[in-house]
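Structure first, commentary second.
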């Protein structure tokens, strides 16, 4: 139990992809803004993305030696139960030594042992589920959780209805900036004024099919006078840079650090349909073509995309069709002013700009009252 006279200690656990890490960081930053002397400890999985990204934002993180089951038959799966037991023991010791008044899980391998240990110690726990399909970790933790924050309607089919609160997904505050002009963004990416811009983002780890589709369709984009801001992910960065070297109509990199600039420059966006990407796109109100990844549990990215497509707030190109139709769909949309305007208006209606604040309200309420 926490009172405002005490330092606030909280564990935030999870990660694996930007879709888990960025919401966790958004929550942590909002807590710090409200309670500057709060003590926030992240718990992640060794070797995963959070172990690099979280310290860069100024927060402490401890790694658990934990991994998930591989979908194919492999000897690595034999180590999973051993790692899980070891992680449970380490998480229990962390909880006992850190003495948090609250524990938050955002999904990913590390959140399972951490939130389980916290709940055993009597610490209130909150789950933040980003997707329209609940992940296995969060479904297993739901029974012991105090509150479950979700971003889509109908999540009661996965979680106890009495615990569910539909508050939206926490997003990076920098993308909410309304002060960046299109001309500033054009200059930032060293592009040409007066020509449309296609923004391509495949998620924090990149997307092979999207990247290959863009590379194959580069000539068509140039023929139509369309400029490109292209985030490739690390695996595809060198190939993309080699293919576009010296092209003044293309900016490409493995990662876009200033997404506010990227969204400001874009006339149309091509994106995977991860929960965080969808939430950000709803807030920036840009016409978007979603290409759901087929390599995710229960095809949940397609479910995320359908939630928008069904109300004409986005267009959908399936991964299997991307090479044959993605670039053509993008060109058609860029030149269709009416369609762009309708899509932008409809997706903007779905945004929840105060999601982070409301989730932190719930966290502090639980910390104070259990």
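Numbering (my numbering), first residue to last: 833 to 1202. Glycine included, every Cβ here is placed at the ideal spot set by N, Cα and C.
Proximal residues to residue i (C-beta, below 7 Å), its chain only, five neighbours per side dropped
i, result
"residue 897", "878, 915, 918, 919"
"residue 1185", "1008, 1115"
"residue 1094", "1031, 1061, 1088"
"residue 1044", "1155"
"residue 855", "938, 960, 962, 1001, 1002, 1108"
Cutoff 6 Å; reference residue i; Cβ partners in own chain excluding five residues on either side
i, result
"residue 935", "843, 947, 950, 955, 957"
"residue 1175", "1119"
"residue 874", "844, 886, 891, 893"
"residue 1009", "1092"
"residue 836", "none"
"residue 1028", "1058, 1099, 1166"
"residue 852", "846, 938, 939, 940"
"residue 961", "970, 982"
"residue 1006", "1092"
"residue 967", "939"
"residue 1158", "1045, 1149"
Environment of residue i [buried if 16+ CB atoms lie within 10 Å]
i, result
"residue 833", "exposed"
"residue 984", "buried"
"residue 982", "buried"
"residue 880", "buried"
"residue 1055", "exposed"
"residue 1080", "exposed"
"residue 975", "exposed"
"residue 952", "exposed"
"residue 1170", "exposed"
"residue 861", "buried"
"residue 1063", "buried"
"residue 1026", "exposed"
"residue 921", "exposed"
"residue 1068", "buried"
"residue 986", "exposed"
"residue 1049", "buried"
"residue 888", "exposed"
"residue 1124", "buried"
"residue 884", "exposed"
"residue 1078", "exposed"
"residue 1143", "exposed"
Terminal residues of the beta strand (DSSP E) in which residue i lies
i, result
"residue 934", "934-937"
"residue 894", "892-896"
"residue 854", "Per DSSP, residue 854 belongs to no beta strand (DSSP E); it is in the alpha helix (DSSP H), 850-866."
"residue 844", "841-845"
"residue 873", "871-877"
"residue 1121", "1120-1122"
"residue 1042", "From DSSP, residue 1042 is part of no beta strand (DSSP E) but of the alpha helix (DSSP H) over 1040-1048."
"residue 1100", "1100-1103"
"residue 1061", "1059-1063"
Contact check, residue i vs residue j, beta carbons under 7 Å
i, j, result
"residue 1203", "residue 1075", "Here the chain covers residues 833 to 1202 and nothing more, so residue 1203 does not appear."
"residue 933", "residue 841", "yes"
"residue 1034", "residue 1114", "no"
"residue 876", "residue 942", "yes"
"residue 1136", "residue 1101", "no"
"residue 992", "residue 858", "no"
"residue 1106", "residue 1086", "no"
"residue 1012", "residue 996", "no"
"residue 978", "residue 1196", "no"
"residue 963", "residue 1132", "yes"
"residue 1017", "residue 1096", "yes"
"residue 1041", "residue 1151", "yes"
"residue 1162", "residue 1104", "no"
"residue 1130", "residue 965", "yes"
"residue 1083", "residue 1021", "yes"
"residue 863", "residue 1192", "yes"
Extent of the continuous alpha helix (DSSP H) run through residue i
i, result
"residue 1030", "Here residue 1030 belongs to no alpha helix (DSSP H); instead the beta strand (DSSP E) covers 1029-1033."
"residue 1196", "1187-1201"
"residue 1161", "1154-1166"
"residue 1136", "1132-1141"
"residue 1110", "1107-1116"
"residue 1024", "It is not in any alpha helix (DSSP H) - residue 1024 carries neither H nor E in the DSSP assignment."
"residue 1082", "Segment 1082-1085 is the beta strand (DSSP E) holding residue 1082; no alpha helix (DSSP H) there."
"residue 1175", "1169-1180"
"residue 1097", "1091-1097"
"residue 1071", "1066-1076"
"residue 885", "882-888"
Beta-carbon contacts of residue i that lie in its chain and below 8 Å, excluding the five residues immediately before and after
i, result
"residue 1141", "1122, 1147, 1148"
"residue 1177", "1117"
"residue 1004", "854, 857, 858, 1091, 1112"
"residue 1145", "1114, 1175, 1178, 1179, 1181, 1182"
Hey, which unbroken runs of the alpha helix (DSSP H) at 4 residues or more fall wholly within the stretch 944-1015?
Counting only runs of 4 or more, we get 968-973.
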